Every structure is written in C-alpha cells, then in structure tokens.
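253 is the number of the first residue of the sequence shown in my numbering; add one for each residue after it. Here a beta-carbon is modelled for each residue, glycine too, at the ideal position from N, C-alpha and C. Bear in mind the structure is a predicted one, so any value in this text is a computation, not a measurement. Report on one structure; see the data block that follows.
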Amino acid sequence: MPRKDDHGGLLAASKTSAAVANKKLRKFMSSSLGQVPGVARRLAQMPKILRSTYVRALTGRSKGDSITAFCNECVGWEERFKRIRECPSIGCPLFKWRPYQGGE
Ligand code: SF4
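This is the structure:
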C-alpha cells in the first residue's frame, strides 16, 4: 500500500496549508476581535477543525461560511454533517441555505 506522501507530496502540501491556517488563526486570536469574550469563548469551545470557518465568518470574507458557522454552533458543533443535513427546523431563516444538504 502506498504511503500518503508518495502521491505528489500531497501530505507535505496539506501540512503546509495547515501550518498557514494555524498561523492565521493565531494572528486572529491575538487581534482585538479575537479577544472579545464571546469570540474567545466560542473559539475555545468549538473543535479546532471548525475554527477557520468561524474566523472567515467573523471577518466577513464569506456569507456561506457565516451560515455554516451558525449552523455548526446551532447543533453544538457535534455530528454536524448529519444533524445539519437532517435539521427539522423548517421555520429557521437559514434552513434553505444550510450546508451539507447534498452530503458532506
Ligand atoms: S438551519 Fe437548522 S441547523 Fe442551521 S441554524 Fe437553522 S435550525 Fe440550526
């Protein structure tokens, strides 16, 4: 079985992009917005993998990420693919735009 890093350096590229994402996240967390108690508390509560989506939402770089971040928080950041896809809250203003409707 081939090792992951035998495929064109994909593993190295993914480590590089993860390092860049971590650097951006650390920079955000030390910014004034990152120090706001409600922001810092959320960042501490959510799984690390969801933090970059939340930061993109807060910095206004993506409406889609804002919806995803809100839905992630709504389901308590757990089992998010299933729980958001199967969300029963038809009355929620984000229902039609929630992520993962077509799968992960
Ligand atoms: S669409 Fe569902 S998961 Fe998303 S915010 Fe609304 S109620 Fe929550």
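With residue i and residue j assumed to form a contact (beta carbons below 8 Å), what rounded beta-carbon distance in angstroms separates them?
i           : j           : result
residue 291 : residue 277 : Rounded, the Cβ-Cβ distance is 12 Å, inconsistent with contact.
Skipping 5 residues on each side, what residues in its chain have a beta carbon closer than 7 Å to that of residue i?
i           : result
residue 304 : 273, 277
residue 352 : 333, 336, 337
residue 281 : 295
residue 323 : 336, 346, 350, 351
residue 286 : 280, 292
residue 355 : none
Sorted by chain position, which residues of the same chain lie with C-beta nearer than 6 Å to residue i's C-beta, five sequence neighbours on each side aside?
i           : result
residue 318 : 309
residue 335 : 327
If we count the other Cβ atoms within 10 Å of its Cβ and call it buried at 16 or more, is residue i buried or exposed?
i           : result
residue 264 : exposed
residue 345 : exposed
residue 320 : buried
residue 253 : Confidence at residue 253 is low in this model, with a pLDDT of 46, below 50, so its placement is unreliable and the value that follows should be read with caution. Residue 253 is exposed by the Cβ-count criterion.
Might you give, ordered along the chain, the residues of its own chain that have their beta carbon closer than 8 Å to the beta carbon of residue i, omitting 5 neighbours on each side?
i           : result
residue 314 : 308
**Item:** Residues with C-beta closer than 6 Å to any heavy atom of the ligand SF4, in chain order
**Value:** Look at which beta carbons fall closer than 6 Å to any heavy atom of the ligand SF4; those residues are 322, 323, 326, 327, 336, 339, 341, 344, 346, 347, 350.
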